[in-house]
Each structure stands twice: as structure tokens, then as C-alpha cells.
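Colleague:
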Amino acid sequence: MDRQHRTLVDMINRVYELMEKGDLQQAKTYFRKEITLYLERHFTDEERFMREIGFPDYESHKKAHDQFRRLMLNMIAKMEEGDDREFGSALALVWGWLYSHILKVDKKYGEFFRSSR
Ligand SMILES: [Fe+2]
Ligand SMILES: [Fe+2]
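Below, the structure written as C-alpha cells:
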């Protein structure tokens, strides 16, 4: 899971790199296709792992993922409408959400897993 988190961080950095190069279109496409796909894969893997280890806070963690899934769908819909400012704030939001989610929420199933072994 930690490896997937690192990959996600790398992927978001890649979007910033593309934007700095002025390649807004490619940055958007990468975000819309690659990142959403990888994020969904990560959420699914994480949810399966939490069920496997019998993590007691599974439901609330799953709920947090579901809320974020909806948020992503909304952001992508707005991006499709071509709002570039929307893209910048979408990116900042995703970055901020992931960062605090990994550090605060994901951390808990890791602790549970280690203490239950
Ligand atoms: Fe995660
Ligand atoms: Fe998570």
C-alpha cells in the first residue's frame, strides 16, 4: 500500500511538471485518465485489505473513499466543461486530500495490522 501511495504522489507531481512545461492539455488528460484509474485501483485494493485483516473502522474509511470518489467525478465533470481555473484548484484539492488521508486515515489500518499480528 505504501508503494501505491508513493506512486500516487509521483503521479500528481507529474501533473505539476506537465503544467510547468505549459502542457495544460496533457496535464488534464493525465489527471482525468491515469490518476483516476490508479486512484480507484488503490481504493479498491485498500478496501479489500482492510476487510481481510478485519479492520474495525472499515465502514468509516470506506465512506471517506466514497465521498472522495464523488468529489473526483464532480471535478472531472467541471474540467470537461473547460474551466482551467477549476483544474488548478481541483489538483490542489486532490493533493491536499490525499496527503492528509494517507497520514491520518490510512495510517490507522497500518497500525491495526501491525498490532494484530
Ligand atoms: Fe491510501
Ligand atoms: Fe484510504
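Position one of the sequence shown corresponds to residue 756 (the working numbering), numbered consecutively onward. Beta carbons: idealized from backbone N, C-alpha and C, even for Gly. Since the structure is predicted, the reported quantities are computational estimates derived from the model, not experimental observations.
Just reading off the alpha helix (DSSP H) that E801 is part of, what are its end residues?
Modeller: Stepping through the sequence shown from its first residue, residue 801 is reached at position 46. From DSSP, the alpha helix (DSSP H) with E801 extends over 791-807.
Colleague: Hey, how far is the Cα of E836 from the Cα of F867?
Modeller: One-based indexing of the sequence shown puts residue 836 at position 81. One-based indexing of the sequence shown puts residue 867 at position 112. Taking the straight line from one Cα to the other gives about 43 Å.
Colleague: When we look at the beta-carbon of A845 and count the other beta-carbons within 10 Å, is it buried (16 or more) or exposed?
Modeller: Reading the sequence shown from its first residue, position 90 is the one you call residue 845. A845 should be labelled buried.
Colleague: Do D800 and Q759 count as a contact pair if the criterion is CB distance below 8 Å?
Modeller: Taking the sequence shown and counting its residues from 1, one reaches residue 759 at position 4. Taking the sequence shown and counting its residues from 1, one reaches residue 800 at position 45. Their beta carbons are under 8 Å apart, which means Q759 touches D800 by this criterion.
Colleague: Of all the options V764, N768, E789, K817, which has the alpha carbon lying nearest to the alpha carbon of Y864?
Modeller: As a working mapping, residue 864 is identified with position 109 in the sequence shown. Out of V764, N768, E789, K817, K817 has the C-alpha closest to the C-alpha of Y864.
Colleague: Quick one: residues with CB closer than 6 Å to any heavy atom of ligand 1, in chain order, please.
Modeller: Result: H760, H797, E801, I857, D861.
Colleague: Work out the CA separation of F823 and Q861 for me, nearest whole Å.
Modeller: For the purposes of this step, residue 861 is identified with residue 106 of the sequence shown, where counting begins at 1. For the purposes of this step, residue 823 is identified with residue 68 of the sequence shown, where counting begins at 1. Just to set this straight, residue 861 is Asp in the shown sequence, not Gln. Going by the C-alpha atoms only, they are around 14 Å apart.
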